[in-house]
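Working notes for the structure below.
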Amino acid sequence: MPLRKPEAGSSSANAIELRGVGKTFGSGAAAFVALRDVSTTIEQNVFFTLLGPSGCGKTTLLRLIAGFEAATTGEILLHGKEIADLPPYRRPVNTVFQSYALFPHMTVAQNVAFGLQMLKQPKDEIARTVDEMLKLVQMEALKNRRTSELSGGQQQRVALARALAPKPRVLLLDEPLSALDLKLRKEMQVELKRLQTETGITFVFVTHDQEEALTMSDKVAVMNEGQILQIGTPREIYNHPANRFVADFIGDINFIKAEIVEVGKTRCTARFDGNQKLSFTPDAEVSKGQKVTLAVRPERIAVANGKNALSATLDNVVYHGTDTLYHFSLGDGTRMLARRQNSDGTIPEWQTGDPFGWAVSGNAVAIVADGPEQTA
Amino acid sequence: MSARRAAGDARRWPGLGFAAAVFFAYVYLPIFILVILSFNENRIVTIWTGFSLEWYRMAFANDDILRAAGNSLLIASVAATSATVLATLAAVRMATTRFFGQTGMNALLALPITVPEIVPAVATLMFFASLGVTLGLGTVMIAHTVFCIPFAYLPIRARLEGMDPKLGEAAADLFANPRQAFFKVTLPLLMPGILSGFVLAFIISLDDFVTTFFVGGAGSTTLPIYIFGLVRTGVTPEVNAISALMLLVSIALVSLSLFLGRSEHRY
Ligand SMILES: Nc1ncnc2c1ncn2[C@@H]1O[C@H](COP(=O)(O)OP(=O)(O)O)[C@@H](O)[C@H]1O
Ligand SMILES: [Mg+2]
Numbered sequence: 320m321p322l323r324k325p326e327a328g329s330s331s332a333n334a335i336e337l338r339g340v341g342k343t344f345g346s347g348a349a350a351f352v353a354l355r356d357v358s359t360t361i362e363q364n365v366f367f368t369l370l371g372p373s374g375c376g377k378t379t380l381l382r383l384i385a386g387f388e389a390a391t392t393g394e395i396l397l398h399g400k401e402i403a404d405l406p407p408y409r410r411p412v413n414t415v416f417q418s419y420a421l422f423p424h425m426t427v428a429q430n431v432a433f434g435l436q437m438l439k440q441p442k443d444e445i446a447r448t449v450d451e452m453l454k455l456v457q458m459e460a461l462k463n464r465r466t467s468e469l470s471g472g473q474q475q476r477v478a479l480a481r482a483l484a485p486k487p488r489v490l491l492l493d494e495p496l497s498a499l500d501l502k503l504r505k506e507m508q509v510e511l512k513r514l515q516t517e518t519g520i521t522f523v524f525v526t527h528d529q530e531e532a533l534t535m536s537d538k539v540a541v542m543n544e545g546q547i548l549q550i551g552t553p554r555e556i557y558n559h560p561a562n563r564f565v566a567d568f569i570g571d572i573n574f575i576k577a578e579i580v581e582v583g584k585t586r587c588t589a590r591f592d593g594n595q596k597l598s599f600t601p602d603a604e605v606s607k608g609q610k611v612t613l614a615v616r617p618e619r620i621a622v623a624n625g626k627n628a629l630s631a632t633l634d635n636v637v638y639h640g641t642d643t644l645y646h647f648s649l650g651d652g653t654r655m656l657a658r659r660q661n662s663d664g665t666i667p668e669w670q671t672g673d674p675f676g677w678a679v680s681g682n683a684v685a686i687v688a689d690g691p692e693q694t695a
Numbered sequence: 003m004s005a006r007r008a009a010g011d012a013r014r015w016p017g018l019g020f021a022a023a024v025f026f027a028y029v030y031l032p033i034f035i036l037v038i039l040s041f042n043e044n045r046i047v048t049i050w051t052g053f054s055l056e057w058y059r060m061a062f063a064n065d066d067i068l069r070a071a072g073n074s075l076l077i078a079s080v081a082a083t084s085a086t087v088l089a090t091l092a093a094v095r096m097a098t099t100r101f102f103g104q105t106g107m108n109a110l111l112a113l114p115i116t117v118p119e120i121v122p123a124v125a126t127l128m129f130f131a132s133l134g135v136t137l138g139l140g141t142v143m144i145a146h147t148v149f150c151i152p153f154a155y156l157p158i159r160a161r162l163e164g165m166d167p168k169l170g171e172a173a174a175d176l177f178a179n180p181r182q183a184f185f186k187v188t189l190p191l192l193m194p195g196i197l198s199g200f201v202l203a204f205i206i207s208l209d210d211f212v213t214t215f216f217v218g219g220a221g222s223t224t225l226p227i228y229i230f231g232l233v234r235t236g237v238t239p240e241v242n243a244i245s246a247l248m249l250l251v252s253i254a255l256v257s258l259s260l261f262l263g264r265s266e267h268r269y
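So the protein sequences, as listed, match chains A and B.
My numbering numbers the first residue of the first sequence as 320 and each following residue consecutively.
My numbering numbers the first residue of the second sequence as 3 and each following residue consecutively.
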């Protein structure tokens, strides 16, 4: 294993703590609030992802942690210590920049050695670490190349090696894979996850790609308009989105306006689309008569016949290779989507306007709050 | 009529080729003739009798010429060096921080290039006179430094503008303090711009007549001033030889500057 794990118990268990962090750019009429009241705790040794649409403040948050920008309000603690007074070059974190920001006048090896030289490490130790890092990212062969001669993927690896070389306990990564093509991106996702697990370094990873966030992270914080809307494991975020924005941003989802008409011990029944009824296990407190928005993932909707099936009208069927998408509408016009794996290879005959029977299992329904997306 | 032959197409205007030929002849023919004549054996400049390096030998044997050339090189070295250092500091500061009045300051930095040289020359003379400073090498060096700054500044600024601002942050992220970041990252990357700024400033100083004429004094005679003194009593082949040598130096420096400019693309 190439890197040391930080010794257990050497400091408080939290790598980063954000307490009411806010950032406003400019002042007066031109003031722009990029972050508002962001509070969260990032434990050691986790792969923590900030996920949100472009412009929601992800980069700004990373820049506050790295020290390139000062927070307007709140405090940032690194391993339990307030770091507001530390300039970036005194903060024990390293960054992989979105644009890589490799030094163009240096070779690959010189880039990786830079941080170690600034830390005044002995020459032989630097040489050893550089070799180790380049091996880690499989770039030993290109050690003496100039960075301008490298492909995007190779530059990405060098940027990673350079940031890992000083063995930081926290690594900040700003959309490091966004410039790579799909295949390489998938490879690097696996690679990064492996690196994080092996080194035990806390990764704070920024992305706007929900799939990337779900596949790589231990914890995901979903952001929008300068706020964190939900923090949880990928499963929690995906299966129990806290509000409409989160539900909508992470993958495809169906929203159904409904009213709770019956509340049982573990299950409840909701009425929707005039008089259709759906029975499910609620993931939040509900009371009889309450108006709710139900969220159901397309893959949790089954194509069903029989008398218990819910009814709808088929709009369109789209074949997608591995699966087939059924677009259908409820009687009240609500558009819905179901996804079914093409495991048996048959594609049904269909026509627009055909009746479409469907069903949902009781644990596939989430109740979502009407989030900022609607109030905004 | 085809669209390419439309009347408005300047490339099709009759006589354009002829005008171009006249232009090039007007600019380069006198220079060409001067260089040829500097190798003329005859004392009477305009009558060609044979090839000779006599005038070059005489120029190199003339103490006044050597002293003037020495002054020119000394002034150009000092002025170009000081101007380049100041211009580098100004450019870096302008690129790294925002402050009130920055746009205006940026314009003012380049403005002297467009001001008729006689104006600052007279003003500088009055300035030195009111201070009671004795005119000489020192005053010429100061004046040259000042008018060289914009010439050194522009290529450095252009180079900085093409530089990724994230590089400075990357250096800080890797524990380089502002000083180390400047010397290890910013300065090496600026080098091509700094060198071409230096060369430009050097040529401008070497070539200067007006400012030197006004703020110079005893012991600060430069080559242009010396040549001016010579031609007042008639153009001698010796003047041709010195001029040809100055041309050679300028061409060499410009080539160097272009070469350095091209090497920028490596980054
Ligand atoms: N230096 C700045 N001055 C003014 N506005 C800024 C500055 N940096 C970022 N912003 C604004 O803050 C918002 C969040 O930016 P950013 O953190 O880069 O978003 P993300 O990384 O999530 O795409 C954007 O609207 C952006 O325009
Ligand atoms: Mg960003």
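Even glycine gets a Cβ: it sits at the ideal position worked out from N, Cα and C.
How about residue i and residue j: are their beta carbons less than 8 Å apart?
| i | j | result |
| --- | --- | --- |
| A:S358 | A:R382 | no |
| A:I550 | A:P560 | no |
| A:L496 | A:Q508 | yes |
| A:V523 | A:I384 | yes |
| A:V622 | A:R590 | no |
| A:P485 | B:F129 | no |
| B:K186 | B:A173 | yes |
| B:T86 | B:A145 | no |
| B:W57 | B:P239 | yes |
| A:S630 | A:P674 | yes |
| A:I729 | A:V489 | Residue 729 of chain A lies beyond the residue range present for chain A, which begins at 320 and ends at 695; the question has no answer from this structure. |
| B:A82 | B:C150 | yes |
| A:F574 | A:T612 | yes |
| B:L137 | B:G219 | yes |
| B:M143 | B:V80 | yes |
For residue i, which of the options has the nearest alpha-carbon?
| i | options | result |
| --- | --- | --- |
| A:R504 | A:N682, A:L483, A:L490, A:A532 | A:A532 |
| A:A482 | A:N627, A:T414, A:L397, A:V605 | A:T414 |
| A:F344 | A:F433, A:H424, A:T391 | A:T391 |
| A:K626 | A:F387, A:G676, A:I620, A:L649 | A:G676 |
| A:C375 | A:F367, A:R355, A:A389 | A:R355 |
| B:A243 | B:Y30, B:T116, B:S40 | B:S40 |
| B:I1 | B:G103, B:E56, B:S74, B:L91 | Residue numbering for chain B in the displayed model covers 3 to 269; residue 1 of chain B lies beyond these limits and cannot be assessed. |
| A:K596 | A:V580, A:G608, A:S606, A:V611 | A:V580 |
| A:T632 | A:A657, A:T641, A:G608, A:Y638 | A:A657 |
| A:S536 | A:T360, A:V352, A:V365 | A:V365 |
| A:G641 | A:L501, A:N661, A:L380 | Just to set this straight, residue 641 of chain A is Thr in the shown sequence, not Gly. Comparing Cα positions, the closest option is A:N661. |
Excluding the five sequence neighbours on either side, which residues of its own chain have a C-beta within less than 7 Å of the C-beta of residue i, listed in chain order?
| i | result |
| --- | --- |
| A:F416 | A478, D493 |
| B:F215 | I227 |
| B:N108 | M96 |
| B:L197 | L262 |
| A:P601 | C587, I686 |
| A:L435 | I445, T448, A484, P485 |
Closest Cβ-Cβ distance between residue i and chain A: below 8 Å?
| i | result |
| --- | --- |
| B:Q182 | yes |
| B:H177 | For the record, residue 177 of chain B in the displayed sequence is Phe; it is not His. Yes, B:F177 lies at the interface with chain A (some Cβ there is under 8 Å from its Cβ). |
| B:L191 | yes |
| B:A123 | no |
| B:V94 | no |
| B:E240 | no |
| B:V47 | no |
Shorter than 8 Å from the beta carbon of residue i to some beta carbon of chain B?
| i | result |
| --- | --- |
| A:G434 | yes |
| A:M437 | yes |
| A:H398 | no |
| A:A385 | yes |
| A:H646 | no |
| A:H424 | yes |
| A:P495 | no |
| A:P667 | no |
| A:P485 | yes |
Quick one: what's got a C-beta closer than 8 Å to residue i's C-beta in the same chain, skipping five residues either side?
| i | result |
| --- | --- |
| B:A112 | P152, Y155, L156 |
| A:Q440 | T448 |
Measuring from the CB of residue i, is there a heavy atom of ligand 4 at a distance below 7 Å?
| i | result |
| --- | --- |
| A:K377 | Questions concerning ligand 4 fall outside what the structure shown contains, since the ligands it does hold are ligand 1 and ligand 2. |
Just the chain E side, please: which residues come within less than 7 Å of residue i by C-beta, in chain order?
| i | result |
| --- | --- |
| A:P441 | In the structure shown, chain E does not exist; the protein chains are A and B. |
Please go through the same chain and pick out, in chain order, the residues whose beta-carbon is closer than 6 Å to the beta-carbon of residue i, but skip the five residues on each side of it.
| i | result |
| --- | --- |
| A:K610 | E578 |
Proximal residues, the region 407-422 of chain A versus chain B, C-beta separation under 7 Å: P407, Y408, N413, T414, F416, S418, A420, F422
Residues from the region 621-637 of chain A in contact with chain B, defined by Cβ distance under 8 Å: none
Proximal residues, the region 150-178 of chain B versus chain A, C-beta separation under 7 Å: D166, K168, L169, E171, A172, A174, D175, L176, F177, A178
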